[in-house]
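With mature numbering (1 follows the signal peptide of the UniProt record, and there is no 0) as the guide, the letters of the sequence shown map in order to residues -23 to -1, 1 to 171.
Glycine included, C-beta positions come from ideal geometry on N, C-alpha and C.
Heads up: the structure comes next, in structure tokens.
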Amino acid sequence: MLRCLLFLTLLLSAVVAAPAARAQDAVHRCTAMDGETVYTDKKCEDVGAMDRLPRITPEGSTSSTGLYRGTCSRTLSDLVYQITAAVDAHDVNRLAGVYDWSGVSDAGANRVLDQLEAVVNRPLVDIAPVRPAQPVTDPLGGNVVDANSDGYYPQTNSQRPIGLRLEQTLKNSATPSRTVFGLRRSYKCFWITL
């Protein structure tokens, strides 16, 4: 009788906890194109934003097992996830899997792998998008200061990221460290470069 009562209590607590777990999964923390943090119940890509440090869940997907994924990062959010997963797992091979190796020599590849290994061995604090520099404007008139006078008109909406900045700390320290990866799009996939 006591076993049956214990089983029913556990079953009831699982039923009560299930909707709460689903409700927690419904909120996404995203970064908008202007760098502001946005909370939404939709996918970040649906609102024109990018995921902020998506962490690996213990039950995770098959990509967290270390096996071949078979796909590439088609969205920036997926690329940020792959970078985060590689750093969290201290897996330089996984980070190298999202690196654009085209045109890299053997000696260059060894240097890049050494740099990637240093990145995965440092704790990750944040991943932020890097955008192109905005044109310099005259504070009095608001006109674009252009030495070339090529007729450039400033853009009203934010430009797409050209890189990802990894904010980290040095191992066993609070000293900040920063790595900037360039973004390259090839074969409808996003890749990182140094």
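C-alpha of K19 to C-alpha of V96: approximately 31 angstroms in a straight line. Beta-bridge partners of S154 (DSSP): Q145. Less than 8 angstroms divides the Cβ of T61 from the Cβ of L101. Minimum Cα-Cα distance from T48 among the listed residues D68, D65, G74 and T152 corresponds to G74.
The three-state secondary structure of S163, taken from DSSP, is strand. Look at C7 here: in three-state DSSP terms it is strand.
In this structure V157 is exposed. Its beta-carbon is surrounded by fewer than 16 other beta-carbon atoms within 10 angstroms. For A86, the number of other beta carbons within 10 angstroms of its own is below 16, and it is reported as exposed. For a cut-off of 8 angstroms, the C-beta gap from A63 to L56 is around 11 angstroms, too long to register as a contact. The three-state reading of DSSP puts D77 in coil, since its state is none of H, G, I, E or B.
Residue state for D83 is assigned as helix, using DSSP reduced to three classes. When secondary structure is reduced to three states using DSSP, T52 falls in the coil class, being assigned neither helix nor strand.
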